[in-house]
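Take any residue in the sequence shown, count from 1 to its spot, add 1: that is its number in the numbering used here.
The C-beta atom is built at its ideal place from N, Cα and C for all residues, glycine as well.
Here's the structure, in structure tokens; my notes come after.
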Amino acid sequence: MSLAMLREVLAASPRHVSPFLMLGDPAPDMCVALCRELVHAGATMLELGLPYADPCADGPAVQAAGIRARAAGVSTDLALETLASIREACPNTPCNLLVYGNLVHARGLDRFCRDAVAAGASSMLVPDIPFEEGEQLRRAASDHGLGNVLLAGPRTSDARLKAIAAVSDAFVYLAGHQGITGAQQVGPEPSGPEASCTGPEMDPRAVLVARVRQQVSVPLCVGFGLSTAAHMQTVHDHGAEIAVVGSHLLRVLARALENQLSRDQVLAAVRSAFEQLLPAPRRSKEIPSCS
């Protein structure tokens, strides 16, 4: 049902802005409240990470979120319980998981996928399990109705993009730059046929998204380094259905916590930061998908 919901949401609109939060950050109940607030602000789906001690793709803001969640005692079990609470609070909002391979293997592929779906996950990306080594995991996910999301990047060849897309039954996740989350560089600069697409209005991120869109027929999600409304518009204009913002919101959350703001003030600060990323007509609009 959760994967079907994701597909329905993707079919209903060509453009989505998805916040990323860490499950249990800064505490499980506050994480649920943040998700509810963001859905009310206009998020049509959520990307949710599981805290892990050695995250190879996470930049400083996402690592700090994981540290906060683990300091709050969030284990895999509690993370999945938090996910279930989010699904209960926001029953019509797809929840897409980002989880590292050791957490999946520690629980067992079949059990993890079963438990993730039971908690309300629509799809799962495991960024540190390469395409060539992920067949068993993809099969387990499919057996339980959990969407498979595979990762691509700026250096992924066209042939590999097509192979990745062929087994991604939820969407393909494109890292908008080479490196970890949150950084702003988007190189390398295009060369060869791509160079002819460049111009004053075409930045390297736009060229990258347009190239990948030509190779990928399934929905396309772009993350890493998106932090402004202009970034969202760029990736949408060049073919991505989903734009993910994580580090930007987590930096706002971290500052609010460091300044010891009240619960309501923390929620308002994160909501305001997210609303500034949305097209004007969608800002401050009540979305009837979260209770």
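Here's a check: name, in chain order, each residue in its chain whose Cβ is nearer than 7 angstroms to the Cβ of residue i, leaving out the five neighbours to either side.
i	result
Thr77	Leu51, Leu104, Arg108
Ala141	Leu110, Asp111, Cys114
Leu162	Ala153, Val213, Gln216, Val217
Gln137	Leu110
Which one or two residues does DSSP pair with residue i in a beta bridge?
i	result
Tyr174	Leu152, Cys222
Leu99	Gly50, Leu126
Pro20	Val246
Below 8 angstroms CB to CB, which residues in the same chain sit around residue i once its five sequence neighbours on both sides are set aside?
i	result
Pro201	Because Pro201 sits at a pLDDT of 40, beneath the cut-off of 50, its placement in the model cannot be relied upon, and the point is left open.
Gln64	Pro56
Assuming residue i and residue j are in contact, meaning their beta carbons sit under 8 angstroms apart, how far apart are those beta carbons, in whole angstroms?
i	j	result
Leu126	Leu152	6 angstroms
Leu175	Cys222	7 angstroms
Ser263	Val219	Contact doesn't hold; Cβ gap of about 43 angstroms is too wide.
Leu246	Leu278	Reading the sequence as shown, one finds Val at residue 246 and not Leu. About 6 angstroms; that satisfies the 8 angstroms criterion.
Arg272	Ala54	In fact, because the Cβ distance is near 30 angstroms, the residues do not count as touching under 8 angstroms.
His17	Glu242	6 angstroms
Among the options, which residue has its Cα nearest to the Cα of residue i?
i	options	result
Leu47	Phe21, Ala70, Ala72, Pro27	Phe21
Ser86	Arg69, Ala117, Ala12, Val100	Ala117
Arg139	Val75, Ile165, Phe275	Ile165
Ser33	Leu227, Thr45, Leu49	Contrary to the premise, residue 33 reads as Val rather than Ser in this sequence. Among Leu227, Thr45, Leu49, the Cα nearest to that of Val33 belongs to Leu49.
Arg88	Arg69, Ser123, Gly74, Tyr101	Ser123
Ala207	Asp129, His237, Ala230	His237
Is it right to say residue i is buried, meaning 16 or more other beta carbons lie within 10 angstroms of its own, or is it exposed?
i	result
Asp26	buried
Ser158	exposed
Asn149	buried
Glu9	exposed
Asn97	buried
Asp265	exposed
Arg37	buried
Pro131	exposed
Who are the near neighbours of residue i in its chain, counting only those whose CB is closer than 6 angstroms to its CB and skipping five residues on each side?
i	result
His232	none
Nearest chain B C-beta to residue i closer than 7 angstroms, yes or no?
i	result
Leu221	The question asks about chain B, but that chain is absent: this structure has only one protein chain.
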